[in-house]
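Residue numbers (my numbering): 53 to 337.
Data block below; observations after.
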């Protein structure tokens with residue numbers, strides 16, 4: 053996993069970790085046009101490349117907010133993943149849910165929500181205006197809404213709007229995701245597969261296959277990415293992997309239970325045998 057850190061010349065550099073990931077922030081956002089976003093190559097080459105792009109402001113925001121939260125490192129998908137490598141992209145997509153879940157802080161940057169929606173006189177956020185952000189309509193932000201332990205929303209100018217707990221009822225109404233799942237994604241297991249997929253049906257992705265791929269981490273499965281296979285086939289493979297994963301989990305549970313029973317029986321037989329041996333020993337002349 054690559055992480056960003058601020059440099060002494062007011063730029064950013066990449067640091068790579070394979071395990072023991074340090075405490076870090078992670079950015080959740082919606083992409084602008086491809087040419088507006090700062091890429092891996094922009095950061096890797098250094099020398100201020102990418103500073104003129106509109107997406108650079110998101111990096112500045114994330115770095116500043118992370119520093120305020122006492123965090124040295126942060127992650128932004130546009131430039132921490134080398135999308136020129138299909139193998140790396142596949143690994144990142146299969147790992148992304150875990151990365152968001154393992155983050156110390158997740159900042160949701162709503163580039164289409166101006167700071168003026170804040171009612172200064174009442175210190176309240178008009179919820180309908182807040183929920184109209186395109187962030188709530190994108191496929192990839194589904195896992196970013198559920199996975200992080202700490203998720204905070206920010207307006208386009210960096211004004212903090214509040215954390216997820218402040219907007220639970222509105223978010224549940226807008227996304228059709230039950231409040232218990234919004235509070236703890238582990239409760240999603242209480243709902244069947246099709247119900248969980250339904251929660252994402254109104255969301256859009258740039259590539260049709262991503263509608264399925266963005267759910268891999270949420271369902272705890274992994275599979276290769278095959279762009280060009282189409283939405284229907286991608287979802288068919290996803291459902292197959294989910295069922296296979298559930299079968300394996302159930303099988304492991306049965307094996308574990310049988311081992312528990314076996315160990316108990318062996319333990320009792322051993323104790324019983326010891327008693328018989330001791331009894332016979334006492335009766336022998």
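Here a beta-carbon is modelled for each residue, glycine too, at the ideal position from N, C-alpha and C.
Check: Using the beta-carbon count (16 or more within 10 Å), is residue 62 buried or exposed?
Finding: Sequence index remark: in the chain shown, residue 62 carries index 10 (1-based). With fewer than 16 Cβ atoms within 10 Å of its Cβ, residue 62 is classed as exposed.
Item checked: Assigned exposure category for residue 182 - 16 Cβ within 10 Å defines buried -> Position 130 of the chain shown, counting from 1, holds the residue named residue 182. Looking at its Cβ environment, which holds 16 or more other Cβ atoms inside 10 Å, residue 182 is buried.
Next item on the list: Report yes if the C-beta distance between residue 203 and residue 158 is below 8 Å; otherwise report no.
Entry: As a first step, residue 203 must be located in the chain shown, where it is residue number 151. As a first step, residue 158 must be located in the chain shown, where it is residue number 106. Yes, Cβ-Cβ distance for residue 203 and residue 158 is below 8 Å.
Next item on the list: Determine the burial state of residue 209: buried for a count of at least 16 other Cβ atoms within 10 Å of its Cβ, exposed for fewer.
Entry: Within the chain shown, residue 209 is the residue found at index 157, counting from 1. The residue is exposed, with fewer than 16 neighbouring Cβ atoms inside 10 Å.
Notebook entry, point to check: Considering only residues of the segment 149-217, which uninterrupted alpha helix (DSSP H) runs meet the minimum length of 4 residues and lie entirely inside it, listed in chain order?
Noted result: 179-183, 193-198
Note to self: With distance defined between alpha-carbon atoms, name the residue in 288, 273, 287, 148 nearest to residue 297.
What the structure shows: Translated into the one-based positions of the chain shown, residue 297 becomes position 245. Among 288, 273, 287, 148, the Cα nearest to that of residue 297 is on 273.
Item checked: Of the residues 189, 144, 244, the one placed nearest residue 268, counting alpha carbons only -> The residue you call residue 268 lines up with position 216 of the chain shown. Measuring from the Cα of residue 268, the nearest candidate turns out to be 144.
Notebook entry, point to check: What separation, rounded to the nearest whole angstrom, lies between the Cα atoms of residue 258 and residue 119?
Noted result: Translated into the one-based positions of the chain shown, residue 258 becomes position 206. Translated into the one-based positions of the chain shown, residue 119 becomes position 67. Cα to Cα, residue 258 sits roughly 32 Å from residue 119.
Item checked: Inside the segment 73-149 only - beta strand (DSSP E) runs reaching at least 3 residues -> 76-80, 125-127
Note to self: Between which two residues does the beta strand (DSSP E) holding residue 67 run?
What the structure shows: Residue mapping note: residue 67 aligns to position 15 of the chain shown, counting from 1. 64-68 is the extent of the beta strand (DSSP E) around residue 67.
Check: Quick one: what's got a C-beta closer than 8 Å to residue 283's C-beta in the same chain, skipping five residues either side?
Finding: Residue 283 sits at position 231 when you count from the first residue of the chain shown. Answer for residue 283: 260, 261, 263, 264, listed in chain order.
Checklist line | Neighbour flag for residue 293 against chain C, beta carbons, 8 Å | finding: Within the model displayed, chain C is absent; a lone protein chain is all it includes.
Margin query: Does the structure place the segment 81-94 close enough to the segment 144-154 that three or more beta carbon pairs sit under 8 Å?
Written below: no
Check: Secondary structure at residue 54, three-state DSSP: helix, strand or coil?
Finding: Counting from 1 along the chain shown, the entry for residue 54 is found at position 2. Reduced to three states, the DSSP call for residue 54 is strand.
Check: Which partner residues does residue 256 have in the DSSP bridge list?
Finding: Locating residue 256 in the chain shown gives position 204, where the first residue counts as 1. Answer is 190.
Note to self: For a test of the three-state rule: what should DSSP assign to residue 237, helix, strand or coil?
What the structure shows: On the chain shown, position 185 is the one that residue 237 refers to. Correct three-state label for residue 237: helix.
Check: Relative to the C-alpha of residue 190, which residue among 285, 66, 255 is closest?
Finding: Numbered from its first residue, the chain shown carries residue 190 at position 138. Answer by Cα proximity: 255.
Next item on the list: For residue 53, count neighbouring C-beta atoms within 10 Å of its own C-beta (all shown protein chains included) and say buried if the count is 16 or more, exposed if not.
Entry: Here residue 53 corresponds to residue number 1 of the chain shown, with the count starting at 1. Its Cβ being crowded by 16 or more others within 10 Å, residue 53 is buried.
Notebook entry, point to check: Using CA coordinates, which residue listed in 115, 195, 138 is at the minimum distance from residue 124?
Noted result: Here residue 124 is taken as the residue at index 72 of the chain shown, counted from 1. Ranking the options by Cα distance to residue 124, first place goes to 115.
Check: So residue 36 is in the alpha helix (DSSP H); what residue range does that whole segment cover?
Finding: The structure shown does not extend to residue 36, since the chain is modelled only from 53 to 337, so the question has no answer here.
Next item on the list: Kindly indicate which three-state DSSP category residue 292 falls into: helix, strand or coil?
Entry: Locating residue 292 in the chain shown gives position 240, where the first residue counts as 1. Helix, per DSSP.
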